[in-house]
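Participant:
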Amino acid sequence: MADRFVLKPGRWNRRAFLTAGLAGAGIGAGAIALNGLNRSRASPRVTVPPIPATEAAPAGINPLTFLRQFDYGTVTRENGRTVREFRVEARTSAIKLNKATSFITWNLNGQVPAPTFRAMEGDLIRVIFYNRAGHSHSLHFHGVHPAQMDGVRPVRNSSVFIYEFEAAPSGVHLYHCHVAPVTRHIGKGLYGMFIVDPPTPRPPADEMVLIMAGYDVNDDRKNELYAFNGIPDFYMEHPIPIQQDQLVRLYVLNMIEFDAAATFHLHANMFRVFRTGRSLQPDEETDVITMGTAERHILEFSYHHLGKFMFHPHQDAIAEAGCMGMFEVIGSPPAKS
Ligand SMILES: [Cu+2]
């Protein structure tokens, strides 16, 4: 059954493009949703402080932009149901991790992490996956779906596969390449977050994605560098501005290979944990949570004190190798009389 979705290499004629719905679409160009069809979870009551101007990170990746970027797909209705179509292209490209290290990544749309897909529980998800990376990859989603959509079957270079399934259950999920060796395919950057919103919306908040990952830069099956959202130490050099006394909702994922687990620790605060985002009620309150590889949670907190506050795994060797960042709490401007 899945075969009907596969276009073999060498069949990239116009008809194939039309069949796949890709004609003139400019893959990866612009499904980042800010239009009225997609409910922004951030209500007008949420103040997102302006992002400081930074020189764009190499390869056009700016972790400050990535943080709050949710891809709701291109929305249509089919048979009374909301369909969200995502178009992604696997590529191979170099990313400069720091002044000394350039790293060949396997990525989607040129970015590491891959786009954050977001849907409502029950929506039909359609991911048009075009592999132009030079070798086989796949997209394996966490969540519930039929076996033929499980994404463990390699999609060859220059072919396309369409993953289609219902978004379920609500929670924070992930997707990643499942071609062996998976450590290498994830370690080189083929992973992203998949958020399924519950029917009852969560309260308004400043929502952000933080994905922890490692880089094995010398192929010794250990990580030499680590990062939040792709670039080591980026949020140390460019702290994330947040508003004083405003609810922050972090969607956090541990995507670190080779290390069995990492914690997430927030300075000078406590956060509520919604494990795997599966409930509207918090499971616990703490300031450090342990996450095995592929574990992910929603964490909620707000800061009253102004200033800069660090966050990092408390495996300090991981933190000191790049997986560290800061929030900068900004006060409200004085009210005009
Ligand atoms: Cu792969």
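Mind the numbering: the sequence shown is residues 997 to 1333 in this note's numbering, read in order.
Backbone N, C-alpha and C define an ideal beta-carbon position, used for all residues, glycine too.
Using a 10 Å radius around the Cβ and a threshold of 16 neighbouring Cβ atoms, would you call P1109 buried or exposed?
Facilitator: buried
Participant: Closer than 7 Å to a non-hydrogen atom of ligand 1 - does that hold for the CB of A1186?
Facilitator: In the sequence as displayed, the identity of residue 1186 is Leu instead of Ala. Yes.
Participant: Going by alpha carbons, who is nearest to K1092 out of G1106, V1156, H1261?
Facilitator: G1106
Participant: Quick check on the DSSP output: the beta strand (DSSP E) that includes E1203 runs from which residue to which?
Facilitator: 1202-1211
Participant: Which residues in the same chain as R1114 place their Cβ atom closer than 6 Å to its Cβ, once the five residues preceding and following it in sequence are excluded?
Facilitator: Excluding sequence neighbours, R1114 sits near F1066, Y1068, I1191.
Participant: Can you find the residues in the same chain that come closer than 7 Å, C-beta to C-beta, to N1094, ignoring five residues on each side of it along the sequence?
Facilitator: Here the set comprises P1228.
Participant: Of all the options D1202, L1135, G1167, Y1171, which has the alpha carbon lying nearest to the alpha carbon of H1063?
Facilitator: Residue identity differs from the one stated: residue 1063 is Leu in this sequence, not His. For L1063, the nearest C-alpha among the options comes from D1202.
Participant: Using DSSP's beta-bridge definition, name the partner residues of M1232.
Facilitator: M1232 pairs with nothing; no bridge assigned.
Participant: For the stretch 1263-1282 against the stretch 1219-1236, are there 3 or more C-beta pairs whose distance is under 8 Å?
Facilitator: no
Participant: Assuming the contact rule is C-beta atoms closer than 8 Å, M1232 and G1321 should be a hit. Round their C-beta distance to whole Å, please.
Facilitator: 6 Å
Participant: Let's see if you can read the secondary structure: which residues bound the beta strand (DSSP E) around F1297?
Facilitator: 1292-1297
Participant: So D1312 is in the alpha helix (DSSP H); what residue range does that whole segment cover?
Facilitator: 1312-1316
Participant: Short of 8 Å in beta carbon distance, which residues of its chain neighbour A1313, apart from the five on each side in sequence? Order them along the chain.
Facilitator: none
Participant: For P1194, which residues of its own chain have a beta-carbon under 7 Å away from its beta-carbon, when the five flanking residues on both sides are left out?
Facilitator: E1117, S1166, L1276
Participant: What residues match up with D1215 in a beta bridge as DSSP calls it?
Facilitator: According to DSSP, which records beta bridges pairwise, D1215 is partnered with nothing at all.
Participant: Thinking T1112 and V1205 are a contact (beta carbons under 8 Å), I'd like their distance in whole angstroms, please.
Facilitator: 5 Å
Participant: Report the rounded CA-to-CA distance for Q1240 versus P1045, giving the unit in angstroms.
Facilitator: 10 Å
Participant: When you compare the CB positions of V1148 and S1134, do they come within less than 8 Å of one another, or not?
Facilitator: yes
Participant: Around the C-beta of A1096, are 16 or more other C-beta atoms found within 10 angstroms, so that it is buried, or is it exposed?
Facilitator: exposed
Participant: Do the CB positions of H1136 and H1169 come within less than 8 Å of each other?
Facilitator: no
Participant: Going straight from the alpha carbon of A1176 to that of L1246, what length do you get?
Facilitator: 30 Å
Participant: Short of 8 Å in beta carbon distance, which residues of its chain neighbour T1196, apart from the five on each side in sequence? Order them along the chain.
Facilitator: L1276
Participant: If you compare alpha carbons, which of P1199, F1157, D1212, E1160 is closest to H1181?
Facilitator: That would be D1212, whose Cα lies nearest to the Cα of H1181.
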